[in-house]
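*Asks:* Numbered per the working numbering, the sequence shown spans residues 1392 to 1694. Every residue, glycine too, gets a C-beta built ideally from N, C-alpha and C. I am attaching a structure below and will ask some questions about it afterwards.
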Amino acid sequence: MRALLASLVLVALWLPAARAGTTGILEGKVVDRETHEALAGVSVSIDGSMQGAATDIEGHFQITYLPAGNYNVRFSTIGYQPRLYRDVEIHADVRTRLSVEMAPSAVEVSEVEILADRPLIEKDVTGTNFSLGTTQVDRLPVHSVQDLLSLFPSVTAEGNVRGGKTSEVVYLVDGLPLQDVVAGGVGSSLPKSSITEFSIQSGGFEAEYGNALSGVVNIITRRGGETHSAAIRVEKDNWLSGGWNQQNDRATETEVTLAGPILRDRLHYFAANTLQLTDTRWRQDFDRFFASPVQRDVSGLGK
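Structure follows, in structure tokens:
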């Protein structure tokens, strides 16, 4: 009995800590557009999520433990025109604030769509933090976590942060460590399409990140949504090179992504797999020693 109680206590203490590095907070205030008085009881809902809130008597609202990503946020109440904020970015360990003004409405009207902008300066972030969202990661010509990391300030191509060793950088994927315990650096590859947010803290990181001396790399992966989706991406370096005899590495990267619901609003699935084949531009010198292709890399993520 004592062992069971001890286990339950440990689980209760671990859950908030595990979610700390993967979720953010959405908060703000809703006021009347004409009088600027606070509006109480306004419904705040997030498309594709069961999470939501209602404003208090002073017009404030807060939604905690919101997984990092982009969301459409709706505001509605009787007697006011509904509002829709599109593509609100939620970052891990960051408070995202919205200032909402609602116009009185005597008749039913269509909702107003607003594209949310990320503030230039995060006032509640004290450390040195850089992050990339899903759209930015998809557009970058990179193929691995190491490639993404090397794009940030104070990071070398080998993964050294602020001059420290690679073993002094902590890698977290959805709050779980992904370190190479022997050589340091990232211990495994992730498909590019599985990344929702990629961030690095190179200074001033908080005590919740243990064993980090020079930097913390925090990776948030995608989740399945309320609709089924599938995608395939194929990249080659010799499609437009003028033929097989041209100087190229004959590299091919194929990525397949599947996502969707298992139980509506309750259980979802997501899976991504990547196959990378790399040859060499000096094939005539390697034929007697190596089979083609020279290198094969497979990475995947499922949840």
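1) Taking only runs that begin and end inside the segment 1407 to 1474, name each unbroken beta strand (DSSP E) of 3 or more residues, in chain order.
2) Could you say if the segment 1545 to 1552 and the segment 1578 to 1585 meet the contact criterion of at least three C-beta pairs nearer than 8 Å?
3) With C-beta atoms as the reference, is isoleucine 1416 less than 8 Å away from arginine 1474?
4) In angstroms with no decimal places, state the Cα-to-Cα distance between valine 1573 and alanine 1622.
5) In whole angstroms, give me the CA-to-CA distance for lysine 1583 and leucine 1430.
6) To which residues of the same chain is glycine 1450 closer than 7 Å at the C-beta, ignoring the five residues directly before and after it?
7) Please check the pair glutamate 1559 and serine 1605, which I expect to be a contact at CB under 8 Å, by giving their CB distance rounded to whole angstroms.
8) Determine the direct distance from the alpha carbon of aspartate 1656 to that of isoleucine 1378, and round the result to whole angstroms.
9) Where does the unbroken beta strand (DSSP E) through leucine 1540 begin, and where does it stop?
10) Under 8 Å by Cβ, that's how I've got valine 1435 and valine 1479 pegged, so tell me the actual separation to the nearest angstrom.
11) Of the residues Ser1440, Val1689 and Val1607, which one's Cα is nearest the Cα of leucine 1457?
12) For glutamate 1559, which three-state DSSP category applies?
13) Between the alpha carbons of leucine 1658 and proline 1544, how many angstroms are there, rounded?
14) For leucine 1692, which beta-bridge partners are listed by DSSP?
15) Out of Asp1484, Leu1489 and Asp1447, point me to the one whose CA is closest to glutamate 1418's CA.
16) Is valine 1564 buried or exposed, if buried means 16 or more other CB atoms sit within 10 Å of its CB?
17) Taking the alpha helix (DSSP H) that arginine 1530 falls in, what are its first and last residues?
18) Between which two residues does the beta strand (DSSP E) harbouring proline 1652 extend?
19) From alanine 1409 to threonine 1665, what distance separates their C-alpha atoms?
20) Quick check: what's the CA-CA separation for isoleucine 1653 versus histidine 1427?
21) Please classify aspartate 1571: is it buried, with 16 or more other beta-carbons within 10 angstroms of its beta-carbon, or exposed?
22) Determine the burial state of glutamine 1667: buried for a count of at least 16 other Cβ atoms within 10 Å of its Cβ, exposed for fewer.
23) Using DSSP bridges, identify the partner residues of valine 1577.
24) By Cβ distance, which residues of its chain are closer than 7 Å to alanine 1444, with the 5 residues on each side in sequence left out?
25) Who are the Cβ neighbours of alanine 1662 in its own chain at under 6 Å, not counting the five residues just before and after it?
26) Excluding the 5 residues flanking leucine 1539 on each side, which residues of the same chain have their C-beta closer than 6 Å to its C-beta?
27) Under the three-state reduction of DSSP, which class applies to alanine 1403: helix, strand or coil?
28) Just to confirm my understanding: we take histidine 1619, look at its own chain, exclude 5 residues before and 5 after, and list those with CB closer than 6 Å. What are they?
*Replies:* Reading it off the structure:
1) 1414 to 1423, 1434 to 1437, 1443 to 1445, 1451 to 1458 and 1460 to 1467
2) no
3) Locating residue 1416 in the sequence shown gives position 25, where the first residue counts as 1. Locating residue 1474 in the sequence shown gives position 83, where the first residue counts as 1. No, they are not a contact pair.
4) Here residue 1573 refers to the residue found at position 182 of the sequence shown. Here residue 1622 refers to the residue found at position 231 of the sequence shown. Whole-angstrom Cα-Cα distance: 35 Å.
5) Locating residue 1583 in the sequence shown gives position 192, where the first residue counts as 1. Locating residue 1430 in the sequence shown gives position 39, where the first residue counts as 1. Looking at the two C-alpha atoms, the distance is approximately 42 Å.
6) Position 59 of the sequence shown, counted from the start, is the residue given in the question as residue 1450. For glycine 1450, where only same-chain residues beyond five positions count, the Cβ hits under 7 Å are Lys1420, Val1421, Val1422, Ala1429, Leu1430 and Ala1431.
7) On the sequence shown, position 168 is the one that residue 1559 refers to. On the sequence shown, position 214 is the one that residue 1605 refers to. Distance from glutamate 1559 to serine 1605 at the Cβ level is roughly 4 Å; contact confirmed, criterion being Cβ atoms closer than 8 Å.
8) Here the chain comprises residues numbered 1392 to 1694, so residue 1378 is not present and cannot be evaluated.
9) As a working mapping, residue 1540 is identified with position 149 in the sequence shown. First-last for leucine 1540: 1536 to 1540, but that is the alpha helix (DSSP H), not the beta strand (DSSP E).
10) For the purposes of this step, residue 1435 is identified with residue 44 of the sequence shown, where counting begins at 1. For the purposes of this step, residue 1479 is identified with residue 88 of the sequence shown, where counting begins at 1. Valine 1435 to valine 1479, Cβ: 11 Å. No contact.
11) Within the sequence shown, the letter at position 66 stands for residue 1457. Measuring from the Cα of leucine 1457, the nearest candidate turns out to be Ser1440.
12) Taking the sequence shown and counting its residues from 1, one reaches residue 1559 at position 168. Glutamate 1559: helix per DSSP, three-state reduction.
13) Here residue 1658 is taken as the residue at index 267 of the sequence shown, counted from 1. Here residue 1544 is taken as the residue at index 153 of the sequence shown, counted from 1. Rounded to the nearest angstrom, the two C-alpha atoms are 38 Å apart.
14) The residue given as residue 1692 occupies position 301 in the sequence shown. According to DSSP, leucine 1692 bridges with Ala1663.
15) Here residue 1418 refers to the residue found at position 27 of the sequence shown. Of the listed residues, the one whose Cα sits closest to glutamate 1418 is Leu1489.
16) Taking the first residue of the sequence shown as position 1, residue 1564 is located at position 173. With 16 or more other Cβ atoms within 10 Å, it is buried.
17) For the purposes of this step, residue 1530 is taken as the residue at position 139 of the sequence shown. From DSSP, the alpha helix (DSSP H) with arginine 1530 extends over 1525 to 1530.
18) Position 261 of the sequence shown, counted from the first residue, corresponds to residue 1652. Element bounds for proline 1652: 1643 to 1654.
19) What you label residue 1409 is simply residue 18 of the sequence shown in a count that begins at 1. What you label residue 1665 is simply residue 274 of the sequence shown in a count that begins at 1. Its pLDDT being 45, under 50, alanine 1409 is placed unreliably in this model, and the value from its coordinates should be taken loosely. Approximately 27 Å, taken between the alpha carbons.
20) Translated into positions along the sequence shown, residue 1653 becomes position 262. Translated into positions along the sequence shown, residue 1427 becomes position 36. The alpha-carbon atoms of isoleucine 1653 and histidine 1427 are separated by roughly 44 Å.
21) Numbered from 1 along the sequence shown, position 180 holds the residue referred to as residue 1571. By the neighbour-count rule (16 or more Cβ atoms within 10 Å), aspartate 1571 is not buried but exposed.
22) Position 276 of the sequence shown holds residue 1667. When all chains shown are included, glutamine 1667 counts as buried.
23) Here residue 1577 refers to the residue found at position 186 when the sequence shown is read from its first residue. Gln1570.
24) Position 53 of the sequence shown holds residue 1444. Cβ within range, chain order: Val1435, Phe1452, Gln1453 and Ile1454.
25) To locate residue 1662, count along the sequence shown from 1; it is residue 271. Exclusion of the five residues before and after alanine 1662 leaves Leu1649 and Gly1693 as the residues of its chain whose Cβ lies within less than 6 Å of its Cβ.
26) Start at 1 with the first residue of the sequence shown, and residue 1539 comes out as number 148. Excluding positions up to five away in sequence, the list reads Val1533 and Phe1589.
27) Locating residue 1403 in the sequence shown gives position 12, counting from the first residue. In this predicted model, alanine 1403 has a pLDDT of only 45, less than 50, meaning its place in the structure is not dependable enough to derive any value.
28) Position 228 of the sequence shown holds residue 1619. Taking C-beta separations shorter than 6 Å and ignoring five residues to either side along the sequence, the partners of histidine 1619 in its chain run Gly1651, following chain order.
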